[in-house]
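K.L.:
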Amino acid sequence: MSLLAVKDLSIHFGGVKAVQNVSFNIDAGIVYSVIGPNGAGKTTLFNLITGVYKPTTGEIKLDGEAIHGKSPNELAVRGVARTFQNLQICMNMSAIENVMVGAHLRLDRNLVKAALRFPGLKKRDRELRDEAAQLMDFVGLAQYVDTRADAMSYGALKRLEIARALAMKPRLIFLDEPAAGLNPKETIEVDHLVRKIADSGVTVVLVEHDMKMVMNLSDRILVLDYGKKLAEGTGEEIRKNPDVIAAYLGAHA
Amino acid sequence: MKKNVYNGLYLVIAILLVLPFVLPNSFYLDLAVRMAINAVIVLGLNLLIGFAGQISLGHAGFLGIGAYASAVLPTHFGWHPLLAMGAGAVATGILAALVARPIFKLKGNYLAMATLGLGIIISIALRNEAQWTGGPDGMPVPAMGLFGFELSNDKQWYWVVAILLSVSVWASLNLIDSPFGRALRALHGSEVASQVVGVDVVRYKVAIFVLSAVFASLMGSVTAHYVGFVSPNFADFFHSIELVTMVVIGGMASVYGSLVGAVLLTALPQALATFEGWETVVFGAILMLSMIFLPKGLVPTLAAKFGKGE
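Chains A and S are the protein sequences, given in the same order. 10 is the number of the first residue of the first sequence in the numbering used here; add one for each residue after it. 37 is the number of the first residue of the second sequence in the numbering used here; add one for each residue after it.
1. Classify Glu167 of chain S: buried if its beta carbon has 16 or more other beta carbons within 10 angstroms, exposed otherwise.
2. Please name the residues in the segment 215 to 235 of chain S whose beta-carbon is closer than 8 Å to at least one beta-carbon of chain A, in chain order.
3. Should Met100 of chain A be flagged as near chain S, meaning a C-beta pair shorter than 9 Å?
4. Taking only three categories from DSSP, how would you classify Arg133 of chain A?
5. Leaving out five residues before and five after Phe93 of chain A in sequence, what residues of the same chain have Cβ atoms less than 8 Å from its Cβ?
6. Return the chain-ordered list of same chain residues with a C-beta closer than 8 Å to the C-beta of Ile69 of chain A, the five sequence neighbours on each side being excluded.
7. If you measure beta-carbon to beta-carbon, which residues of the segment 262 to 291 of chain S are closer than 9 Å to chain A?
8. Using Cβ-Cβ distances below 8 Å, what residues of the segment 238 to 260 of chain S are close to chain A?
9. For Tyr41 of chain A, name the three-state secondary structure that DSSP assigns.
10. Is the beta carbon of Val232 of chain S closer than 9 Å to that of Ala142 of chain A?
11. Check whether the segment 166 to 182 of chain A and the segment 98 to 111 of chain A touch, using three or more Cβ-Cβ pairs below 8 Å as the test.
12. Does Asn101 of chain A pass the burial test, meaning 16 or more other C-beta atoms within 10 Å, or should it be called exposed?
13. Quick check: what's the CA-CA separation for Asn74 of chain S versus Asp146 of chain A?
14. For a minimum of 4 consecutive residues, which ranges assigned as the alpha helix (DSSP H) are wholly contained in the segment 165 to 242 of chain A?
15. So, for Ser267 of chain S: in the same chain, excluding its five sequence neighbours on each side, which residues have a beta-carbon less than 6 Å away from its beta-carbon?
16. Tell me the rounded alpha-carbon separation between Trp314 of chain S and Asn269 of chain S.
17. Could you name the residues of the same chain whose beta carbon sits closer than 6 Å to that of Val216 of chain A, not counting the 5 residues immediately before and after it, in chain order?
18. Within its chain, find whatever has a CB closer than 7 Å to the CB of Gly164 of chain A; leave out the 5 residues flanking it on each side and keep chain order.
19. Could you tell me if Thr243 of chain A is buried or exposed, where buried requires 16 or more neighbouring beta carbons within 10 angstroms of its beta carbon?
20. Which residues share a DSSP beta bridge with Val266 of chain S?
21. Can a CB atom of chain S be found closer than 9 Å to the CB of Gly129 of chain A?
22. Do the segment 284 to 304 of chain S and the segment 326 to 337 of chain S make contact, defined as three or more Cβ pairs closer than 8 Å?
23. Determine, using beta carbons only, whether Asn30 of chain A comes closer than 9 Å to chain S.
24. Can Glu170 of chain A be considered in contact with the ligand SAH, in the sense that its beta carbon sits closer than 8 Å to one or more heavy atoms?
25. Roughly how many angstroms separate the alpha carbons of Leu300 of chain S and Ala161 of chain S, rounded to a whole number?
26. Can a CB atom of chain S be found closer than 9 Å to the CB of Glu170 of chain A?
27. Alpha carbon to alpha carbon, how far is Gly155 of chain S from Ala133 of chain S? Give it in angstroms, no decimals.
28. Can you find at least 3 beta carbon pairs, one from the segment 201 to 214 of chain S and one from the segment 120 to 131 of chain A, that sit closer than 8 Å?
29. Using 8 Å as the threshold, is the segment 189 to 197 of chain S in touch with the segment 52 to 68 of chain S, meaning 3 or more CB pairs across them?
30. I'd like the ranges of any beta strand (DSSP E) spanning at least 3 consecutive residues and lying wholly in the segment 52 to 101 of chain A.
31. Kindly give me the distance between the Cβ atoms of Val246 of chain S and Ala136 of chain S, rounded to whole angstroms, as I take these residues to be in contact under 8 Å.
32. Using the Cβ count rule (16 or more neighbours within 10 Å means buried), how would you classify Lys341 of chain S?
33. Is there contact here, the segment 81 to 101 of chain S with the segment 139 to 149 of chain S, by at least three beta-carbon pairs under 8 Å?
Structural data, given as structure tokens:
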């Protein structure tokens, strides 16, 4: 059985049908990419699956359990992590604290114990700090461990989001344009990073415009256009698909 | 969070220990007690406003509930003052939770509006229920007794309040640098980011709102017993604004800023007494100027200027 099964998923914003009857399955352990022109509904699809939006119709199943309509924090409990196309970093915190927040659900969040500084809680926090520092090293941010988030560059913050998502120890991670706005060198680094994440056993769902990266990394690709599923298949199948070529290059190409 | 944040606490404790021996007379001791009481309230309020990013314009209302619980319950029903204080705190907590839950389910910052209304309602209720509260004239509060020992003079109150303040500073510092505190700051920084890592945003906002309301209620009770008298002014809208101002001037999301804000704004009316009738105007002008030149508040601005930043 596939890890994530999406069936007939739609969402309407007033008259705009941002996602229409999209169905697909994602097997565990693969890199699955969602591509399509700007406005095709890729981010909306991510927002639907990660609970930020509630679908108008359709169903989403994670490991057989219906998860549509659940809130993002309920999905986090089930091991779904994500990053954002437009950065969502807590600028009021240090870089490493942003990563530590990712481990929220694995910690004792008791208010009274926290206020009274229970030794167990403090010890766990120190361990977590080391763990977070390792994660920052893993995504290539070792030199930023003691930096404030608002003092970091855009490219570094992109990777900080990935580190935060990984701190959840997710089963499934959604990366929304991790290479957008990055220079070619940084893009290659993110490419390697996504590969490392996938190799560590996390299922990766990727939205990305960098075709080289998508073709290089993806086991399967979903193509969206105007909110509808245009094609789905391996990189090779997608590359040859006439509909996809038409959508990307114009009908007469 | 740096390792040295607790150094400030040692400084606070040192100042509190030395203070009663250097203050020239009881006027200043009284001022110090009131500063410390306000500091505890502002600490709680800053957890809500500065750290969690939610604004309450009705905290004086919660303070009023605590104060009147300590006045009415022992006077009319013969309750022990400590029990009355606890009852006030519990009632405040329940009220705060009941109001906050539906509000926080809405997107956007509606808490300010709701608490504004709530504070005014509480203040009107206290004014109108004259048979219980003495109405606009207020009412006397029986003395607070602790284990057969009666808290009567300012010196004793000073030590009680000094301990409360030290513990509150310590607890606030602990809380901020904990999983709970990080979740709070995260939902302030990016609500959606905190949600996708599993933070139940509504629950955390309600929790911190209730906590800060209960702080205010408890300190309302303390004030009532200390002053020996309560009046509806305790719960006044202007008092709520004053508390928010202390947070903002001292520095949002700064524990020590809360203390500085409370100390300065408690002292300010005394210092401005020479302006006779114009205090409020001067008060407002100082507020405006500090917003223009120190938008982050005193302590964070100075920390950024003279230290490596907070």
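C-beta atoms are modelled at their ideal positions from N, C-alpha and C, and glycine is treated no differently.
P.N.:
So, to answer that:
1. Before going further, note that residue 167 of chain S is Gln rather than Glu in the sequence given. Classification for Gln167 of chain S: exposed.
2. Listed by position along the chain: Pro215, Phe216, Gly217, Arg218, Ala219, Arg221, Ala222, His224, Gly225, Ser226, Val228, Ala229, Ser230, Gln231, Val232, Val233, Gly234 and Val235.
3. Yes, contact with chain S.
4. Assignment of Arg133 of chain A by DSSP, reduced to helix, strand and coil, places it in the helix class.
5. Glu170 and Asp185.
6. By the criterion of a C-beta distance shorter than 8 Å, Ile69 of chain A is surrounded in its chain by Leu13, Ala14, Val15, Lys16, Leu18, Leu57, Ile58, Ala75, Ile76 and His77, once the five residues flanking it on both sides are discounted.
7. Those would be Ala289, in chain order.
8. For the segment 238 to 260 of chain S, which is checked against every Cβ of chain A, the residues closer than 8 Å are Ala243 and Leu247.
9. Shown here, Tyr41 of chain A sits in a strand according to DSSP, grouped into three states.
10. By the CB criterion at 9 Å, Ala142 of chain A and Val232 of chain S fall outside the cutoff.
11. Short answer: they touch.
12. Under the 10 Å beta carbon count, Asn101 of chain A is surrounded by 16 or more other beta carbons and is classified as buried.
13. In a straight line, the C-alpha of Asn74 of chain S is about 44 Å away from that of Asp146 of chain A.
14. Listed in chain order, they are 193 to 208 and 220 to 226.
15. If we look at Ser267 of chain S and ignore the five residues flanking it on each side, its Cβ neighbours are Gly174.
16. In this structure, the CA atom of Trp314 of chain S is about 19 Å from the CA atom of Asn269 of chain S.
17. Val43, Lys51, Asp185 and Glu186, listed in sequence order.
18. Result list for Gly164 of chain A: Leu191 and Glu195, in chain order.
19. Exposed is the label assigned to Thr243 of chain A, since fewer than 16 other Cβ atoms lie within 10 Å of its Cβ.
20. Bridge partners of Val266 of chain S: S:Met175.
21. Interface criterion not met: the Cβ of Gly129 of chain A is under 9 Å from no Cβ in chain S.
22. Output reads yes: the segment 326 to 337 of chain S touches the segment 284 to 304 of chain S.
23. So no, Asn30 of chain A is outside the interface.
24. Summarising the ligand content, the structure contains no ligands, and the ligand SAH is consequently not present.
25. Using only the alpha carbons, I get a separation of about 31 Å.
26. It does: the Cβ of Glu170 of chain A has a partner Cβ on chain S nearer than 9 Å.
27. Rounded to the nearest angstrom, the gap between the Cα atoms of Ala133 of chain S and Gly155 of chain S is 15 Å.
28. With a cut-off of 8 Å on Cβ pairs, the segment 201 to 214 of chain S is in contact with the segment 120 to 131 of chain A, counting three or more such pairs.
29. Three or more Cβ pairs drawn from the segment 189 to 197 of chain S and the segment 52 to 68 of chain S lie within less than 8 Å of each other, which places the two stretches in contact.
30. Counting whole runs of 3 or more residues, the segment 52 to 101 of chain A contains the beta strand (DSSP E) stretches 66 to 71 and 89 to 91.
31. Correct: roughly 7 Å between the Cβ atoms.
32. Within a 10 Å sphere around the beta-carbon of Lys341 of chain S sit fewer than 16 other beta-carbons, which makes this residue exposed.
33. Segments in contact, yes.
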